[in-house]
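In order, the protein sequences belong to chains A and B. Residue numbering for the first sequence follows the UniProt record's numbering, beginning at 1 and increasing consecutively. Residue numbering for the second sequence follows the UniProt record's numbering, beginning at 1 and increasing consecutively. For every residue, glycine included, the Cβ atom is placed at its ideal position computed from N, Cα and C. Working notes, beginning with the structure itself.
There are 2 protein chains.
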Amino acid sequence: MSLVIIGSVAFDSIETPFGKTGKIVGGAAAYASLAASYFSKEVKIVAVVGDDFPREDIEDFHRHGITTEGLQVKEGEKSFFWAGKYQQDLNTRDTLVTELNVLADFDPVIPESYQDCRHLLLGNLTPSVQRTVIKRLRKRPELIVLDTMNFWMDTALDDLLDVLKMVDLLTINDEEARQLAGEYSLLKAARKIMKMGPRTLVIKKGEHGALLFQENKVFSAPALPLEEVFDPTGAGDVFAGGFTGYLAKTGDISFENMKTAVIYGSAMASFCVEKFGTERIKNLSPGEINARVNQLAELSSFSVSSF
Amino acid sequence: MSLVIIGSVAFDSIETPFGKTGKIVGGAAAYASLAASYFSKEVKIVAVVGDDFPREDIEDFHRHGITTEGLQVKEGEKSFFWAGKYQQDLNTRDTLVTELNVLADFDPVIPESYQDCRHLLLGNLTPSVQRTVIKRLRKRPELIVLDTMNFWMDTALDDLLDVLKMVDLLTINDEEARQLAGEYSLLKAARKIMKMGPRTLVIKKGEHGALLFQENKVFSAPALPLEEVFDPTGAGDVFAGGFTGYLAKTGDISFENMKTAVIYGSAMASFCVEKFGTERIKNLSPGEINARVNQLAELSSFSVSSF
């Protein structure tokens, strides 16, 4: 059951209170596909890089069983580059550099072998490009997941609202949910957003866990209390990748199974923030993932009886 | 198994985006004892009011089975009065009036019938007065719970640190935990705070639920996503009262039972914010409480299996 993931594959340069990286691999599709690869054996990416993108980093995807037939390599052009610096509390970050490069006129190519995909994850990217991918798939996937961020609400709201009508599930963070709906209460915001198109909504709350909404159903997932968040970059993409990867692996998109998928997504995100960039999620074992999922289950279990 | 609760019993005047009250009953001991009364049949308060405090409001306590032998009524004096106004998001509030009145020289009296108490809740109040109550109990209660707030960290830190050494369990909110420990990570903050005295710590996170820490154990409790928070006043006191009341009722202070107590405390707090002041928690049925606890259980339940 193949899972197609679209998003950026890029270079990042990250500074946190704990250190600073050189140019390392980043981008929504990189983070999400690596996370999804632990669950689905048929992860296929649609992205674009320049010829400065190292061959060995593409081979990293292959080692994780990720198909890169839809990854365009533009000769004579440069990969997208983002540099950012996190404040002391790691909740705010300043963008230091954004060089769009190949992303400026990204025209996604869908290889024939991607056409039968059952699940589609539209990673954080220009909404109009996300829409193009949906239109270029001849058969509508069974589940279309959209991840986005406040930047697109500020700069491309009409396109975003348009693509929202075409998807099944949206993942955003709490501040973004409030901004998109114009409601402070997350419950009210969720109801409004589900009227914009997606039947299901995941609100990511970082250290406070995540909420899953569908019709009148709500699920609250805990987050693992962490000693230290080392680098939050990519955690949202990894959540979306782990979540969608788990759904693709199990082929079950019931609300009950989505709850479990939120837990797997949260577990993957909790690994992501432990090291810079993709370092931690490139090197995980199924045993580690299961252990962390069990930790989340243990963390939030309790028993009640009528009093 | 009696539960003694100390704290203020007072008048509040509250303004939220949804409306404004006249002088209504408030104070930590009022909120906490009403919440605890649904669980324990032996709730006894230690507090002080002026002769302006209406007899019918004292009878409200009696109707809830609360003993007021330790409630001093000072002739010719006035009750503590606080007026506050909440901002639009209800997360920040401005204090408009604080009249200490009888609280200025509150000297707590412990009636003989209180001396055998098994559980003690030191509601939010001057730390030195909280300490006096501990010292005036001839037999140390099995469980001493302390609730406090940032105001005392700013104005009476030494006394607070002193009383912290004498208690078993502390309840504070996330910002206060960060302030007290000087650590941003709540896990690190919790470890530091548990070295200050209390073996167990509850960090209240409002709309994000609560965390319970003891040694290396952690429990994450969900919060009910609410349509609207009408008035947050007293929610923390109600949490502490419901939590301690449940422990007093069951007589079981194991970590497992404390997890359930956190859920009952959260359920009570979720009622509290639905109406102004104590209105909602004065008028609850066991059936409503059980239904909400079941809702919290439903909200956070999921199943995992190795993948």
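- At a cut-off of 7 Å between beta-carbon atoms, K275 (chain B) makes no contact with chain A.
- Taking I45 (chain A) as reference, the option from A:G76, A:L71, A:N124, A:K217 with the minimal CA-CA separation is A:L71.
- With respect to the C-alpha of D237 (chain B), the residue from B:A190, B:A267, B:K195, B:T132 having the closest C-alpha is B:A267.
- DSSP links T16 (chain B) through a beta bridge to B:G19.
- Residue burial is scored here from C-beta neighbours: H62 (chain A) has fewer than 16 other C-beta atoms within 10 angstroms and is therefore classed as exposed.
- When A:T200, A:E227, A:L186 are compared, the shortest CA-CA separation from Q214 (chain A) is found for A:T200.
- Taking the beta carbon of I263 (chain A) as reference, the chain B residues within 7 Å of it are F302, V304, listed in sequence order.
- For H62 (chain B), the three-state secondary structure derived from DSSP is helix.
- Where E288 (chain B) is concerned, the enclosing alpha helix (DSSP H) starts and stops at 286-299.
- Contact with chain B is found for P222 (chain A), since one of that chain's Cβ atoms lies less than 7 Å from the residue's Cβ.
- Contact of A297 (chain B) with chain A is assigned, a C-beta pair being separated by under 7 Å.
- Per the coordinates, the alpha-carbon of L170 (chain A) lies some 8 Å from the alpha-carbon of T148 (chain A).
- Per DSSP, the beta-bridge partners of W82 (chain A) are A:D12, A:T98.
- By the C-beta criterion, the segment 280-300 of chain A is judged to be in contact with the segment 249-267 of chain A, since at least 3 inter-stretch pairs fall below 8 Å.
- Here the C-alpha atom of V25 (chain A) lies approximately 29 Å from the C-alpha atom of L211 (chain A).
- Exclusion of the five residues before and after M194 (chain B) leaves L201, F213 as the residues of its chain whose Cβ lies within less than 7 Å of its Cβ.
- In summary, T98 (chain B) is exposed, with fewer than 16 beta-carbon neighbours lying within 10 Å of its beta-carbon over all protein chains present.
- Contact between V102 (chain B) and V49 (chain B) is confirmed by a C-beta separation of about 6 Å, below the 8 Å threshold.
- Residue contact with chain A for D51 (chain B): absent (no Cβ-Cβ distance below 7 Å to any residue of chain A).
- Under DSSP, no beta-bridge partner is assigned to I253 (chain A).
- Annotation: the UniProt domain "CARD" (130-213) of chain B contains the following complete segments of the alpha helix (DSSP H) (minimum length 4 residues), in chain order: 150-155, 157-164, 174-181, 186-194.
- Cβ-Cβ separation between M1 (chain A) and G251 (chain A): approximately 5 Å, consistent with a contact (criterion under 8 Å).
- Rounded to whole angstroms, the separation of the alpha carbons of A223 (chain B) and E207 (chain B) is 6 Å.
- Chain A has no Cβ within less than 7 Å of the Cβ of L247 (chain B).
- R131 (chain B) sits buried, since 16 or more C-beta atoms from the chains shown fall within 10 Å of its C-beta.
- Against chain A, the CB of K259 (chain B) has a partner CB under 7 Å away; the residue lies at that interface.
- In the same chain as D89 (chain B), and ignoring 5 residues on each side of it, no C-beta atom comes closer than 8 Å to its own.
- Take the alpha-carbon of L247 (chain B) and the one of Y114 (chain B): they are about 18 Å apart.
- As the crow flies, the alpha-carbon of T68 (chain A) is around 31 Å from that of V304 (chain B).
- Within the segment 167-195 of chain B, Y184, S185, L186, L187, K188 place their CB atoms closer than 7 Å to a CB of chain A, listed in sequence order.
- A Cβ of chain B is located within less than 7 Å of the beta carbon of H208 (chain A).
- Annotation for A32 (chain A): no beta strand (DSSP E) segment contains it, though the alpha helix (DSSP H) segment containing it runs 28-36.
- Within chain B, the residues whose beta carbon sits less than 8 Å from that of K205 (chain A) are H208, listed in sequence order.
- At a Cβ-Cβ threshold of 7 Å, I110 (chain B) and R140 (chain B) do not count as neighbours.
- For the 7 Å CB-CB criterion, L121 (chain B) and I5 (chain B) form a contact.
- Between V218 (chain B) and chain A, the shortest Cβ-Cβ separation is below 7 Å.
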